[in-house]
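Step one of this worksheet: look at the structure below.
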Amino acid sequence: MVESTHSLPESDDRRAKRNVVVLVLAQALLGAQMPMIFVVGGLAGLMIAPNPALATIPISLIVFGSMTTAPWLSALMQRYGRTLGFYIGAAGGAAGAAVSAAGLWIDSFPLFLAGSYLTGIYMSAQGFYRFAATDTASDSFRPKAISYVMAGGLLSAFVGPQLVKATSEATVIPFLGTYAAVIVINLLGAALFAFLDLPKPEPVSADAPRGRNRLELLKDPKIVVAMICGAVSYSLMNLMMTSTPLAVVGCGFTTSNAADVVSAHVIAMFAPSFFTGHLIARFGTTKIVATGLVLLAAAGVVALTGVELYQFFAALILLGLGWNFGFIGATAMLTQAHKPEERGAVQGMNDFVVFGCVTIASLSSGVLMHSGGEDVVAGWTSVNLAMAPFLVLAGAALIYLAMKPTSQPV
């Protein structure tokens, strides 16, 4: 297998920093498609879905595609290398946008859903950028590498929503131009992966360390708590963000207003990444994840205070900050809890669980938004109240880990 990343000397971080630059650019360019699709996916779904309650199903299928892709894509990268997996992700993103565009063209909701599922292949591959950043990094640089790569999403927060504004009404069929732009983004962005310098997987010898099996890994409290906190942070962010365009437009604002709110949210998701890694190095993962959970709770509280445009902005900014601290902190916690030979199993299992929970959250978002019938405010209230029990679960898991005796800081 690839060389251990747990004992690399500091000088080797020159290689890691080069890879981080490439992955930051990939996150910025290829990542722009995600805010684009999250802005228009529900609105396009509402346009062609047989029932308004199904409007967020396309977003849910994207996440479901990511969930089902993570295990096999992680195993493939463990055997053949990260770069191949990233090319497959870009191909999936381009194919998904093309099929979705075809669904809009012929007014076929099932075909549109099929395109959404294929887009999930890209979403899964993007999730592994953060892990690839650690493959050649030293212990001290690893949390910073994760953080910097996540910071690449800051540019995508500007580019994606602006492209939505420029393309959503550019064609006779609304949103068709947006999906065409996504195809171009994937074709251009795939070229970046040729510049990655990642270790090649080596044939596994008979006497090579095998690591723990999945059942044994799930008995490790640090792995389990990292997975719970990562899943809750990502799921609650998705639960609220999926409904936001529907809530904003449903409350009398425009699609451009919804795009601006999502843009502010995505900026808040990624802007702190320039220093999140430094904070993790100084204070430890537990305190950073706890801060993220508090910020997620604050987002729900602010959203419950009203539905003026400034309240949507404030709630979604807090939501983005909470996701950043919670998810990056949980990712760093996970990388500290496994051996190099366990990387494929742990990372694939983690993203399967995370995106499985996000799929459920996305499906629930549409149901909750329509729980009040035509009353958008009642639906938005239901979405935000639903966050509470999961925040309690993650908080309890984190407290358990913090109180558990351990030989390593968390």
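Residue numbers (our numbering): 21 to 430. Glycine included, each C-beta is placed from N, C-alpha and C at the ideal position.
Which residue's Cα is closest to the Cα of residue i: the options?
| i | options | result |
| --- | --- | --- |
| PHE151 | LEU413, GLU328, PRO360, SER384 | PRO360 |
| ALA171 | GLY415, TRP343, PRO219 | TRP343 |
| LEU418 | ILE380, GLY250, ALA334 | GLY250 |
| VAL397 | GLN98, ALA317, GLY272 | GLY272 |
| ASN258 | GLY386, GLN146, PHE161 | GLY386 |
| ALA319 | SER276, MET56, MET261 | MET261 |
| LYS185 | SER283, ALA145, SER136 | SER283 |
| THR306 | HIS285, GLY270, ALA414, SER255 | ALA414 |
| SER86 | PHE148, LEU131, MET67 | PHE148 |
| LEU256 | HIS285, MET56, ALA381 | ALA381 |
| ILE79 | PHE106, LEU50, THR103, ALA117 | ALA117 |
| CYS377 | LEU50, ALA145, PHE58, ILE248 | ILE248 |
| ALA46 | LEU212, SER253, SER391 | LEU212 |
| GLY349 | GLY112, GLY105, PHE178, TYR168 | TYR168 |
| ASN370 | TYR420, LEU383, VAL252 | VAL252 |
| LEU81 | PHE106, ASP280, PHE132, ARG38 | PHE132 |
| GLY209 | VAL281, VAL42, THR325 | VAL42 |
List the endpoints of the continuous alpha helix (DSSP H) containing residue i.
| i | result |
| --- | --- |
| MET54 | 53 to 68 |
| HIS285 | 275 to 290 |
| ASN510 | Residue 510 lies beyond the residue range present for the chain, which begins at 21 and ends at 430; the question has no answer from this structure. |
| PRO91 | 77 to 100 |
| HIS298 | 293 to 303 |
| ARG363 | 363 to 389 |
| LYS185 | 173 to 187 |
| CYS249 | 241 to 270 |
| ASN404 | 396 to 405 |
| ARG234 | 234 to 237 |
| VAL412 | 408 to 423 |
| GLY231 | Element bounds for GLY231: n/a, residue is neither H nor E. |
| ALA145 | 129 to 147 |
Around the C-beta of residue i, are 16 or more other C-beta atoms found within 10 angstroms, so that it is buried, or is it exposed?
| i | result |
| --- | --- |
| TYR100 | exposed |
| LEU411 | buried |
| LYS424 | exposed |
| THR192 | Before going on, a small fix: residue 192 reads as Val here, not Thr. When all chains shown are included, VAL192 counts as exposed. |
| ALA64 | buried |
| VAL321 | exposed |
| PHE295 | exposed |
| LEU235 | exposed |
| TRP400 | buried |
| SER263 | buried |
| ASP395 | exposed |
| LYS220 | exposed |
| TYR142 | buried |
| THR274 | exposed |
| ALA36 | buried |
| ARG102 | buried |
| HIS298 | exposed |
| ASP217 | exposed |
| ALA323 | buried |
| THR25 | Low confidence applies to THR25: its pLDDT is 40, below 50, so where it sits in the model is not reliable enough to give any reading. |
| LEU388 | buried |
| LEU183 | buried |
| PRO130 | exposed |
Between the stretch 400 to 420 and the stretch 288 to 298, are three or more C-beta pairs nearer than 8 Å? no
Between the stretch 201 to 217 and the stretch 305 to 319, do three or more beta carbon pairs fall short of 8 Å? no
Validate contact between the stretch 327 to 338 and the stretch 228 to 248 using beta carbons, cut 8 Å, 3 pairs: no
May I ask you to verify whether the stretch 86 to 95 touches the stretch 352 to 368, counting CB pairs closer than 8 Å and requiring at least 3? yes
Please determine if the stretch 151 to 163 and the stretch 124 to 142 are in contact, where contact requires at least 3 C-beta pairs separated by less than 8 Å. no
For the pair the stretch 348 to 356 and the stretch 50 to 62, tell me if three or more CB-CB distances fall below 8 Å. no
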